[in-house]
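Everything below concerns the one structure shown next.
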Amino acid sequence: MQPSSHIQKKSPRPGLEKLEDRTVPALVVRSLADLLYISGTPKTELFVEQTGAANNFSVRDGSKQMGQYTISRNLLIRLRNRPDGDVNIDLNDGAVPGNVNIDLGKGCASNGFGVDIYDNNAGAVGSIGGSVMIYGGKGNETYNIGAVRTAPFTADPRPINIGGDLTVVGVNSPTGVDDNFNLDAGTTVGGNIRLAQVDAVAIGRQAIGAVDTTVRGNLTIVSSSPAKRLSVVISGSIYGNVSVLGNSQDDVFTFQLTDSDIGGVIRGNLFVNFGDSASNYSEFNLIEDTTVMGSVTLISGYSPHPSLGDYFNIRGNILGSLVINMGDGINDLNFAVAAVVSGNVSIIGGNGQNNIGCLGNDFLGTIGGNLTINLGNGNNGSSTDPMVIAPTALNGRFTWRSGNGDNYLQLGNGVDLTLFADIVFGDGNDTLDTNLGAGFFRGRVNGGGGTNTFTMTSGSFDSPIRLLNI
């Protein structure tokens, strides 16, 4: 047999094949049919600046020009993350016809950077025709709407107009750093404002010479971080309702005019719910000469501070009714002489010490409807610091209910006042003193159980009158 022949083949030598370059540029700008789309990661601050025609904008990454584009309708910015620097949109007397959507991705490492949307052309007011939505980040962002950041946590007003809604959804920071939202002087939002997980909110600017800031829809603020204190200051005009939901922290709400006595108007209802305090107390301020054209509801929870309680400072005008629901612990209520409520006033206190008309702050002001005070168990007022209820005018009935504890209630402060009252104390040693000047006391007093004292420093009884101790 012939041996079979074998053909030996050489093995190919291994080599490196050159692959296609798939490196993604740091920042990508694409102009689509009705969308300018900016994505990626800028190397430094990102600028989108109007130039030329009203809706022509240049895009640059720091000093690097990325080109000029026409925004025919919408602007979408979607970032992976960013270095220390802001996202700047300068309308420069121009306009984005449609919506602006900004995704901040993972945010940046340092605090205080965020988004500035403004008009840097002095005397001009650029516009966004649709709505604005901002979300993402690291929980340490600052959102300046109608303002430009000039230093850390410092901004100058550069007003703009937003035709639609404004929505900001922040991120809970694991380090306890705050998100800050600033809608600056002169800016107008045509729709609703919705803020979530933003810890410090300023609507308008209090400084002298500041012009009014206007929200033509509703303002809704929800802070869902259990570790963050919520601070809300409103110095502008809100055409719709205002709703604020706080945390279990030491939250603060303030409604005020600017130092030029403008703004300070809510045309709808005001609702603020702060829940329990963390270690100190919550604070509610309705400053003098402010106006709520609807009704006001203020709610707090438990105040753990041993000597300072949740503080309610009522000095403004309310055309509807006022409901104050105070939780357990210490509560301090100042209903000042400047306060005017056209409807009813209802005050609910929890178990603990409720300082209503105490601490040298008599319960004054004008009430067009009824006044109802309903307290839980606890000692309220004393012979040296009584609860002085002495409204300038009360056109309706005064109703009092208290639980098991010692209460010292004084009606009037010597100024002429006539009251029609229904007063029922709980089990405890209670004192009622009437100091009504030349006024009259009508109605019912039931001391409940315990040893009760009724004195008349000034004033007179008028029919009908019933005094009980059952």
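Using my numbering, the letters of the sequence shown correspond one by one to residues 858 to 1327.
Backbone N, C-alpha and C define an ideal beta-carbon position, used for all residues, glycine too.
Every value quoted in this text rests on a predicted model; they were computed, and no experiment measured them.
Distance, residue j Cα to residue i Cα
{"i": "Gly964", "j": "Ser1152", "result": "39 Å"}
{"i": "Ser988", "j": "Ser915", "result": "21 Å"}
{"i": "Thr1111", "j": "Val1202", "result": "20 Å"}
{"i": "Gly1209", "j": "Gly1132", "result": "16 Å"}
{"i": "Leu903", "j": "Leu1102", "result": "33 Å"}
{"i": "Ile845", "j": "Gly1305", "result": "In the structure as shown, the chain begins at 858 and stops at 1327. Residue 845 is therefore absent and cannot be evaluated."}
{"i": "Ser920", "j": "Pro899", "result": "11 Å"}
{"i": "Leu884", "j": "Ile895", "result": "7 Å"}
{"i": "Ser1317", "j": "Gly1217", "result": "25 Å"}
{"i": "Asn1098", "j": "Arg1051", "result": "12 Å"}
{"i": "Ser1199", "j": "Thr1148", "result": "11 Å"}
{"i": "Arg917", "j": "Thr901", "result": "10 Å"}
{"i": "Ala911", "j": "Gly1222", "result": "52 Å"}
{"i": "Gly909", "j": "Tyr926", "result": "10 Å"}
{"i": "Ile1017", "j": "Ile1246", "result": "47 Å"}
{"i": "Asn1104", "j": "Asn945", "result": "31 Å"}
{"i": "Gly1120", "j": "Pro1321", "result": "46 Å"}
Residues of its chain near residue i, where Cβ-Cβ distance is below 6 Å and the 5 sequence neighbours each way are ignored
{"i": "Thr801", "result": "Because the chain in this structure spans residues 858 to 1327, residue 801 falls outside the shown range and cannot be described."}
{"i": "Arg1124", "result": "Tyr1096 and Met1150"}
{"i": "Ser1100", "result": "Thr1077 and Phe1128"}
{"i": "Ile1156", "result": "Asn1130 and Asn1182"}
{"i": "Leu1324", "result": "Val1302"}
{"i": "Asn1049", "result": "Asp1022, Gly1074 and Asn1075"}
{"i": "Asn1170", "result": "Asn1142 and Asn1191"}
{"i": "Asn1212", "result": "Asp1189"}
{"i": "Asn958", "result": "Leu933 and Met990"}
{"i": "Arg937", "result": "Thr898 and Gly962"}
{"i": "Leu1274", "result": "Leu1293 and Gly1296"}
Whole-angstrom C-beta distance between residue j and residue i, which should lie under 8 Å
{"i": "Asn807", "j": "Gly1253", "result": "No statement about residue 807 is possible, as the shown extent of the chain runs from 858 to 1327 and does not include it."}
{"i": "Asp1287", "j": "Asp1263", "result": "7 Å"}
{"i": "Arg1258", "j": "Asn1234", "result": "The Cβ separation is near 12 Å, so there is no contact."}
{"i": "Ile1268", "j": "Leu1293", "result": "Residue identity check: residue 1268 is Leu in the sequence provided, not Ile. Right, their Cβ atoms sit about 7 Å apart."}
{"i": "Gly1066", "j": "Ser1030", "result": "With a Cβ gap of about 34 Å, Gly1066 and Ser1030 do not count as contacting."}
{"i": "Gly1093", "j": "Gly1061", "result": "3 Å"}
{"i": "Ser984", "j": "Ala952", "result": "5 Å"}
{"i": "Asn1309", "j": "Gly1283", "result": "Incorrect: roughly 11 Å between the Cβ atoms, too far for contact."}
is_contact[residue i, chain C] using C-beta, thresh 8 Å
{"i": "Thr908", "result": "Of the protein chains in the structure, only one exists, and it is not chain C."}
Cβ-based neighbour list, residue i, same chain, cut-off 7 Å, excluding 5 preceding and 5 following
{"i": "Pro1009", "result": "Gly969"}
{"i": "Arg1172", "result": "Leu1143, Ile1144, Glu1145, Ala1193, Ala1195 and Ala1196"}
{"i": "Glu906", "result": "Phe914, Ser915, Asp947 and Asn949"}
{"i": "Gly1238", "result": "Cys1215, Met1244, Asn1264, Tyr1265 and Leu1266"}
Nonlocal neighbours in the same chain, by C-beta distance under 8 Å from residue i, ignoring five residues either side
{"i": "Leu1165", "result": "Asn1137, Tyr1138, Ile1187 and Asp1189"}
{"i": "Asp1056", "result": "Gly1027, Asp1035, Asp1036, Asn1037, Ser1080, Ser1082, Lys1085, Arg1086, Leu1087 and Ser1088"}
{"i": "Gly924", "result": "Val886, Ser915 and Val916"}
(request) Decide if the region 976 to 990 is in contact with the region 935 to 942; the criterion is three or more beta carbon pairs, one per stretch, under 8 Å apart. (result) Under the 8 Å Cβ criterion, the region 976 to 990 does not count as touching the region 935 to 942, having fewer than three qualifying pairs.
(request) Any chance you could list the beta strand (DSSP E) runs of at least 3 consecutive residues sitting entirely within the region 1084 to 1143, in chain order? (result) Here the runs fully enclosed are 1088 to 1091, 1099 to 1102, 1109 to 1112, 1127 to 1130 and 1140 to 1143.
(message) Just to confirm the assignment: which complete beta strand (DSSP E) runs, minimum length 3, are found wholly within the region 951 to 1039?
(response) The region 951 to 1039 contains, as complete beta strand (DSSP E) runs of 3+ residues, the segments 957 to 960, 971 to 975, 983 to 985, 989 to 992, 999 to 1002, 1004 to 1008, 1011 to 1014, 1017 to 1019 and 1023 to 1026 (chain order).
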